[in-house]
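Visitor: Its first residue numbered 0, the sequence shown is counted upward by one per residue in numbering that gives the first Met the number 0. Positions of the beta carbon are idealized from the N, C-alpha and C atoms, including for glycine.
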Amino acid sequence: MEPEEAAAQVDAESLLMYRIERPVFDESYIRTKLHHKKNSTNLRQRLAQHFRCSSEKAKAALFSFLPILTWLPSYPVKEYLFSDIVSGLSTGVVQLPQGLAYAMLAAVPPVYGLYSSFYPVLLYTFFGTSRHISVGTFAVISLMIGGVAVREAPDSMFYMPANGTNASFVLDEEARDARRVQVAVVLTTLVGIIQFVLGLLRFGFVAIYLTEPLVRGFTTAAAVHVVVSQLKYLLGVKTQRFSGPLSVIYSVKAVLSDITSTNVTTLILGLACLIFLYIIKDLNERFKKKLPIPIPGEIIVVIVSTGVSFGLSLSDGYSVDVVGKIPTGLLPPAAPMFSLLPNLITDSFAVSIVGFSMGISLAKIFALKHGYSVDGNQELIALGLCNFISSFFQTFTITCSMSRSLVQESTGGKTQIAGLLASLVVLLVVVAIGFVFQPLPQTALAAIIMVNLLGMFKQFRDIPALWRTSKIELAIWLVAFVASVLLGLDYGLLVAITFAILTVIYRTQSPKSAVLGHIPGSGLYYDVDEYEEAAECEGIKIFHSDSSIYFANSDLYVNALKEKTGVNPDDLQASRKAQRKQQEKSNGNHKSPVKMCAKYKEKGVTHEILSQNHIEEEQRNGQLGDQHSETDEEAVSLKSSCAISFIILDWSSISFVDSVGAKAIKQVIKEYAAVGVKVVIAGCSRSLLSELDTLQFFNEAVTPEMVFPTVHDAVLRCLHPEPRPSSAAIQ
Numbered sequence: 000m001e002p003e004e005a006a007a008q009v010d011a012e013s014l015l016m017y018r019i020e021r022p023v024f025d026e027s028y029i030r031t032k033l034h035h036k037k038n039s040t041n042l043r044q045r046l047a048q049h050f051r052c053s054s055e056k057a058k059a060a061l062f063s064f065l066p067i068l069t070w071l072p073s074y075p076v077k078e079y080l081f082s083d084i085v086s087g088l089s090t091g092v093v094q095l096p097q098g099l100a101y102a103m104l105a106a107v108p109p110v111y112g113l114y115s116s117f118y119p120v121l122l123y124t125f126f127g128t129s130r131h132i133s134v135g136t137f138a139v140i141s142l143m144i145g146g147v148a149v150r151e152a153p154d155s156m157f158y159m160p161a162n163g164t165n166a167s168f169v170l171d172e173e174a175r176d177a178r179r180v181q182v183a184v185v186l187t188t189l190v191g192i193i194q195f196v197l198g199l200l201r202f203g204f205v206a207i208y209l210t211e212p213l214v215r216g217f218t219t220a221a222a223v224h225v226v227v228s229q230l231k232y233l234l235g236v237k238t239q240r241f242s243g244p245l246s247v248i249y250s251v252k253a254v255l256s257d258i259t260s261t262n263v264t265t266l267i268l269g270l271a272c273l274i275f276l277y278i279i280k281d282l283n284e285r286f287k288k289k290l291p292i293p294i295p296g297e298i299i300v301v302i303v304s305t306g307v308s309f310g311l312s313l314s315d316g317y318s319v320d321v322v323g324k325i326p327t328g329l330l331p332p333a334a335p336m337f338s339l340l341p342n343l344i345t346d347s348f349a350v351s352i353v354g355f356s357m358g359i360s361l362a363k364i365f366a367l368k369h370g371y372s373v374d375g376n377q378e379l380i381a382l383g384l385c386n387f388i389s390s391f392f393q394t395f396t397i398t399c400s401m402s403r404s405l406v407q408e409s410t411g412g413k414t415q416i417a418g419l420l421a422s423l424v425v426l427l428v429v430v431a432i433g434f435v436f437q438p439l440p441q442t443a444l445a446a447i448i449m450v451n452l453l454g455m456f457k458q459f460r461d462i463p464a465l466w467r468t469s470k471i472e473l474a475i476w477l478v479a480f481v482a483s484v485l486l487g488l489d490y491g492l493l494v495a496i497t498f499a500i501l502t503v504i505y506r507t508q509s510p511k512s513a514v515l516g517h518i519p520g521s522g523l524y525y526d527v528d529e530y531e532e533a534a535e536c537e538g539i540k541i542f543h544s545d546s547s548i549y550f551a552n553s554d555l556y557v558n559a560l561k562e563k564t565g566v567n568p569d570d571l572q573a574s575r576k577a578q579r580k581q582q583e584k585s586n587g588n589h590k591s592p593v594k595m596c597a598k599y600k601e602k603g604v605t606h607e608i609l610s611q612n613h614i615e616e617e618q619r620n621g622q623l624g625d626q627h628s629e630t631d632e633e634a635v636s637l638k639s640s641c642a643i644s645f646i647i648l649d650w651s652s653i654s655f656v657d658s659v660g661a662k663a664i665k666q667v668i669k670e671y672a673a674v675g676v677k678v679v680i681a682g683c684s685r686s687l688l689s690e691l692d693t694l695q696f697f698n699e700a701v702t703p704e705m706v707f708p709t710v711h712d713a714v715l716r717c718l719h720p721e722p723r724p725s726s727a728a729i730q
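1) Got a sec, what are the start and stop residues for the beta strand (DSSP E) Ser512 sits in?
2) Which same chain residues end up closer than 8 Å to Phe62 when comparing Cβ atoms and leaving out the 5 residues on each side of it in sequence?
3) Just how far apart, CA to CA, sit Ser734 and Val678?
4) Measure the alpha-carbon distance for Gly544 versus Ile647 and round it to whole angstroms.
5) Residue ranges of each alpha helix (DSSP H) run of no fewer than 4 residues wholly in the region 689-716, ordered along the chain?
6) In terms of residue numbering, what span does the alpha helix (DSSP H) encompassing Thr564 cover?
7) CA-CA distance, Gly191 and Phe355?
8) To the nearest angstrom, how far is it from the Cα of Ala362 to the Cα of Ile132?
9) Mind checking Asp554: buried by the 16 CB within 10 Å criterion, or exposed?
10) DSSP on Lys457, reduced to helix/strand/coil?
11) Excluding the five sequence neighbours on either side, which residues of its own chain have a C-beta within less than 6 Å of the C-beta of Pro510, listed in chain order?
12) Would you kindly check if the distance between the Cβ of Pro109 and the Cβ of Ala102 is under 8 Å?
13) Shortest alpha-carbon distance to Phe696 belongs to which of Gly675, Val667, Val676, Arg716?
14) For Thr394, does the three-state DSSP call read helix, strand or coil?
15) Can you grab the Cα-Cα spacing for the pair Val430 / Arg43, in whole Å?
16) Helix, strand or coil for Gly135 per DSSP?
17) Check each candidate in Leu477, Leu311, Leu452, Thr187 and name the one with the smallest Cα separation from Val227.
18) Tell me the rounded alpha-carbon separation between Lys662 and Ser651.
19) At the level of alpha carbons, what is the spacing between Tyr556 and Arg685?
20) Exposed or buried, what is Gly358 when buried is set at 16 or more other beta-carbons lying within 10 Å of its beta-carbon?
21) According to the Cβ coordinates, are Gly235 and Thr442 closer than 8 Å?
22) Looking only at DSSP bridge pairs, what is Leu648 linked to?
23) Quick one: Cα of Lys563 to Cα of Thr497, how far?
24) Just verifying my parser: in three-state terms, what is the DSSP assignment at Phe202?
25) Tell me whether Val373 counts as near the ligand HEM, meaning its Cβ is closer than 7 Å to at least one heavy atom of that ligand.
26) Just reading off the alpha helix (DSSP H) that Leu444 is part of, what are its end residues?
27) Using the rule of at least 16 other Cβ atoms within 10 Å of the residue's Cβ for burial, across every protein chain shown, is Ser766 buried or exposed?
28) One question on the structure: do Gly454 and Gln194 come within less than 8 Å of each other, judged by their Cβ atoms?
29) Along the chain, where does the alpha helix (DSSP H) containing Asp83 start, and where does it finish?
30) Can you give me the C-alpha to C-alpha distance between His719 and Ser658, rounded to a whole angstrom?
31) Expressed to the nearest angstrom, what Euclidean distance is found between the alpha-carbon atoms of Ser73 and Gln415?
32) Checking 8 Å against the spacing of the C-beta atoms, do Met143 and Leu493 come in under that value?
33) Give a yes or no on contact between the region 282-295 and the region 74-89, applying the rule of three or more CB pairs nearer than 8 Å.
34) With a 10 Å radius around its C-beta and 16 neighbouring C-beta atoms as the bar for buried, classify Phe117 as buried or exposed.
35) Look at Leu313 and Thr264 and say whether their C-beta atoms are less than 8 Å apart.
36) Mapping DSSP to helix, strand and coil, what is Val526?
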């Protein structure tokens, strides 16, 4: 024996073999042998059991609503406390300048960014399920809020006559900022209500509609909006803030038209902060394994630029815009101005969904990395409570921040104790030393924002990767990016979600379909166009499609079936009708007793018997090959189609069929039956069969005997129409 043959024999013997012997099953037989379990409880009993209160259910509900109770009692102080303290202080140091900077994006005074960095973070410690994410201000959400605030309270509403005359007007910035704070607070209240209600209704799954390419394209566009909005602060020019469609273009145009009035001192300071922060960020990335904690570049920039601004009197001497007055202490709770609600409903839905999707995506990443689970519904409830309760203390909407979360996790944070300590760092600044940051130049905050967006701009690398892997996902990314840049974040998100849903419809309407063939020596059936070993069974066509059958694609399914199998009932009927007419015409022109043209197939050879008069006439005219070439082609096509006696519909990939799809399939079964082709169905799941029963799919024409559990069962029954003994083996 050759070595290769011996090795092949050893491999064959070592394979795990699969042998089974059973009758060929159809659905009618299965229904006689299988019985549904009887449900012993009625609806009233099930409802009573669901709403029955017990100490265990009350305890589970409490732990679910307050996740901190599940881990705080067993908190390992010696192992976790020091790491959480270091992580909390590091995160708080980063949270402080980001809170001030992102308040500018939200179009509210900087101190409100500090409020938004304290109350929600404190609340999330009790209600959140993630142990590592850092909630608080975030660039994308802040920009969306700022767009709404500017739209509802534009500068044009707050120009007042100067010195009591109408000759000139000045902008009442105090009144404008107060109004924008009211808009941001009301929007935050509504966002909190929406998120909380969605959490109670178990709508945590809504985030799946924001696919990763959509979110990444959207956040990249948001980064473009943020950078454009910060150009005027970096250059020190005074321009109007725009919102809505084409706001990016208007903002760039306004900055460029006024670029000659650039404040050189502001620009130099801003560029210095940009370069320093970029270097620090690069060093943190390169040496993250060697550094015990990341270098706090943001707080260094804040402290140094504040000192320089105060020491050189940049605000008074060089007209450098600074943060300005930061009130000491916390504001008392106040009710939002609910009269503004009607104008903010649409925006609140967009902000709530985007905020939740950002938080849950990052929470799942850290949970997978550290081996615990997060609850999407509880995350909705937690964010909803954070936003709703905090809005009474003058905060704007918060969510998870990617940069701060990475700091909190990389510095050794174990639980949300780190987040609690970070919020206390912010509280210390608010109640004690907030006035220290009043000389802080706005251009330094703009630099902090821009550098923190570098990670989002790296998402442009998705384009070549998606081009190689999925053109449809690339289209979603590009549509989300372009629509959000040009139309604004709110309309852009709506367009992106709509387009993503349309791609799903497109995929279901353009599924891959194939004719299957049998792999010898197995019960497997694969695409005959893809695999050389797949061979079609004689007289049988097996049609497979990857899509469900419903109102939007039922016609496409039927058309693909007729095209792929090459058996079209309409063409067969037309060909037979044409043949009958031709025979009648021939009978009228020729009185020969031979009136029949018979065709039969034997061992792959087709034999034709023609009338002698017909042959002689064709030979005399010399047109035997030309005159009836079209008729011969039709005859060959008809002969090929008539050789098919069975069509098997492989429904193993079909997840559902609606009433329109069921009617289409019943109709096509009748059409094929009219031309002598029997259609059977294989591979139906039990849930799909239940749906078919509900749709009253089975009747006298379509019976359960036409449905088989596997394609192999269907093939065997088509090859052997007569019932076989129950002990017959499936070969």
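Guide: According to the structure data:
1) 512-517
2) Leu68, Thr69
3) Outside the displayed range of the chain (0 to 730) lies residue 734, so it cannot be described from this structure.
4) The residue asked about is misnamed: residue 544 is Ser in this sequence, not Gly. Cα-Cα distance, rounded: 12 Å.
5) none
6) 553-564
7) 11 Å
8) 6 Å
9) exposed
10) helix
11) Ser544, Asp545, Ser546
12) yes
13) Val667
14) coil
15) 56 Å
16) strand
17) Leu452
18) 19 Å
19) 22 Å
20) buried
21) yes
22) Phe542, Ile680
23) 32 Å
24) coil
25) Here there are no bound small molecules, and the ligand HEM is not part of this structure.
26) 441-451
27) Any answer about residue 766 is impossible in this case: the structure gives the chain only from 0 up to 730.
28) no
29) 76-104
30) 32 Å
31) 14 Å
32) no
33) yes
34) buried
35) yes
36) It is worth fixing the name first, because residue 526 is Asp in this sequence and not Val. Strand at Asp526.
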